[in-house]
Amino acid sequence: MSDTVERIKCLIIGSGPAGYTAAIYAARADMKPIMYTGMEPGGQLTTTTEVDNFPGYPEGIDGPAMMVDLQKQAERFGTQVRFGMVTEVQFNNEPGGIHKACVDNSTWIEAESIIISTGATAKYLGLPSEQRLRGGGVSACAVCDGFFYKNQEVAIVGGGDTAAEEATYLANICSKVTMLVRKDEMKASKAMQHRVTNTKNIVLKYNTQVDEVIGEQVVEGLRMVNNVTGEKEEIEITGLFIAIGHKPNTDIFKGQLEMDDMGYLITKGKSTKTNIPGVFASGDVQDKEYRQAITAAGTGCMAALDAERYLSSVEELIESNAEANL
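Going by full-length UniProt numbering, the sequence shown opens with residue 1, and the numbers climb by one from there.
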C-alpha cells in the first residue's frame, strides 16, 4: 500500500440512478465526489432494455443508454467515475471523523463523507434458460416492464406479498397471468391472497416450479413441473416475471451500519442519514418498498444535500473550536 492515502470530501459507492444523481448534486456543490462503480456499472437498469417510465424520455430509452447519459452528466460537473469495487469499509463514529474505504482489496481511500448507493440484486431461479432470456421477456420488475406485455399472457413466480402485488398489477394490463407458487399455499398476507384469488384472470398453480423457459431470442412459453406429482405442463406466454425477492448489497457494511432483518440499510426519518455521522444511504439499498429508478434518483439527490449540510456543519464546528482556543 502506498504511503500516501488519497483524502477526498465525498465518496460515492455504487453507480445506479441513486449514485449518479448524488454525484450530480455533490459535484455542483463543489464536493468533488469520486464514485466507484462496483462490478455492475449502471446497476440493475443495465439489464433492462426499454425504460418507459422515467420522466424526461417521452419516447422511452434503453436502460444502458440512460445510465451513460447520467454518467456524462455527473462527469460534466466534475465527478470522477472510477471502475472498481469497494471491498471493505472502516467508519468513524465521531462527527467530523474520517472514514476509510478499501478498493479492490488493495487501495485505501479516506473520505469526509460517504454516500452508499450499492442497490439491491434481484433473486433469480438460476436456470440457464431463464438467465439467457433476461431482457428478452424475463424480468424481475412487473412495474418496470409490465406495460410491454399489454393484452398478452404472462407468468409470475413467487408466493409472497410482492409476488401477489405484482400479479394483480399485471392482471390489470395482461389478458392472463399464471402465478406459480412453490408450496401448497401462498406466504403472502391474507389480504393479498384474497386480492389474488378474487382476480379472475390470475390462474394460481400451487406446488409448481419452472422447469424450462421456452424460446430462443425471446420468451415464447414455459414448461412447469408439479413438485409433488412430477407432472409437467407447457403454456404459451410472452413474459415471465420473477418475484422471489431481492438481496440488498450491504454485506461489507454489516456490524457497522444499522440494517433491518433483510439487510436493508436503515435511514433516519425522511433523511438519508445512517447511524454513522457522515455516512448516507440512497436508492434500493435502503428502499424495499418502491424500487424504481425515479425514487432511487430522488434519494440520491437527498443524500448529496444531506452530505453537503453535514460537511458544512463540520466546518462550522471546526471554526468555532478554533476560535474558542484562541
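Backbone N, C-alpha and C define an ideal beta-carbon position, used for all residues, glycine too.
Same chain, Cβ closer than 8 angstroms to residue i, five either side skipped, listed in chain order
i, result
"Glu234", "Ile214, Gly221, Leu222, Arg223, Met224"
"Thr208", "Leu180, Val181, Arg182, Met224, Val225, Asn226, Asn227"
"Thr197", "Leu204"
"Gly298", "Thr21"
"Asp69", "Ile61"
"Thr87", "Cys102, Val103, Asp104, Asn105, Ile252"
"Ile318", "Gly96"
Check whether residue i and residue j have beta carbons under 7 angstroms apart
i, j, result
"Val177", "Ile202", "yes"
"Ile252", "Val89", "yes"
"Ser282", "Ala22", "yes"
"Val210", "Leu125", "yes"
"Val285", "Gly119", "yes"
"Thr199", "Thr168", "yes"
"Glu216", "Ser129", "no"
"Arg82", "Tyr36", "yes"
"Ala142", "Phe241", "yes"
"Val154", "Gly239", "yes"
"Tyr149", "Ala74", "no"
"Ala18", "Ser117", "yes"
"Ile115", "Ala293", "no"
Residue i - containing alpha helix (DSSP H), residue span
i, result
"Val68", "63-76"
"Met302", "293-324"
"Lys190", "190-197"
"Cys144", "142-145"
"Arg132", "128-132"
"Gly19", "17-28"
Length of the line joining the Cα atoms of residue i and residue j
i, j, result
"Met31", "Thr274", "19 angstroms"
"Ala111", "Tyr290", "30 angstroms"
"Ile156", "Ser189", "18 angstroms"
"Gln152", "Lys247", "30 angstroms"
"Glu258", "Glu231", "46 angstroms"
"Ala296", "Gln193", "29 angstroms"
"Glu50", "Arg7", "39 angstroms"
"Ser312", "Thr79", "19 angstroms"
"Asp261", "Asp287", "13 angstroms"
"Gly60", "Gly146", "14 angstroms"
"Ala26", "Ala322", "27 angstroms"
"Ser113", "Ser139", "35 angstroms"
"Lys72", "Ile34", "14 angstroms"
"Glu316", "Gly96", "11 angstroms"
"Asn249", "Tyr264", "8 angstroms"
"Leu245", "Cys144", "Just to set this straight, residue 245 is Gly in the shown sequence, not Leu. So the alpha carbons of these two residues sit roughly 15 angstroms apart."
"residue 331", "Tyr57", "Shown here, the chain extends from 1 to 326; a query on residue 331 therefore has no answer."
"residue 376", "Ala307", "A query on residue 376 cannot be resolved here, the shown segment of the chain reaching from 1 to 326 and no further."
"Ala243", "Ile266", "23 angstroms"
"Leu305", "Gln131", "38 angstroms"
"Gly255", "Ser175", "47 angstroms"
"Lys270", "Glu236", "45 angstroms"
"Gly135", "Pro64", "12 angstroms"
"Ala280", "Ile13", "The residue you asked about is not Ala; residue 280 is Phe in the sequence shown. Answer to the nearest angstrom: the Cα atoms are 10 angstroms apart."
"Arg195", "Glu94", "49 angstroms"
Chain B contact for residue i (CB, 7 angstroms cutoff)
i, result
"Asn198", "No chain B is present in this structure, which holds just one protein chain."
DSSP beta-bridge partners of residue i
i, result
"Cys102", "Glu88, Trp108"
"Val218", "Answer is none; Val218 lacks a bridge partner."
"Gln256", "Answer is none; Gln256 lacks a bridge partner."
"Tyr36", "Ile13, Arg82"
"Met224", "Val210, Glu233"
"Ala155", "Thr178, Leu240"
"Pro58", "Answer is none; Pro58 lacks a bridge partner."
"Ile276", "Ile276 pairs with nothing; no bridge assigned."
"Thr121", "Lys247"
"Glu50", "Asp62"
Residues near residue i by beta carbon distance below 6 angstroms, same chain, minus five either side
i, result
"Gly159", "Val181, Met186, Lys187"
"residue 353", "In this structure the chain extends from 1 to 326, so residue 353 is not present and cannot be described."
"Val5", "Trp108, Glu110"
"Gly278", "Ser113, Tyr310"
"Ile173", "Gly146, Lys150"
"Cys301", "Thr21, Tyr25"
"Lys9", "Met31, Lys32, Glu112"
"Ala171", "Val177, Thr199, Asn201, Ile202"
Neighbourhood of residue i by C-beta, 7 angstroms cutoff - its chain only, sequence neighbours within 5 removed
i, result
"Met67", "Gly42, Leu45, Thr46"
"residue 335", "Look at the range of the chain in this structure, 1 to 326, and you will see that residue 335 is not part of it."
"Glu165", "Met192"
"Asn92", "Ile98, His99"
"Arg28", "Phe77"
"Thr272", "Phe280, Ala281, Ser282, Thr299, Met302, Ala303, Asp306"
"Gly16", "Gly42, Gly43, Gln44, Leu45, Ser117, Gly119, Gly283, Ala296"
"Gly137", "Gly215, Val218, Val219, Thr238, Gly239, Leu240"
Beta strand (DSSP E) segment containing residue i, residue limits
i, result
"Ile266", "Counting along the chain, Ile266 falls outside any beta strand (DSSP E), and DSSP gives it neither H nor E."
"Leu170", "Counting along the chain, Leu170 falls outside any beta strand (DSSP E), though it belongs to the alpha helix (DSSP H) covering 161-171."
"Leu45", "Element bounds for Leu45: n/a, residue is neither H nor E."
"Lys205", "202-205"
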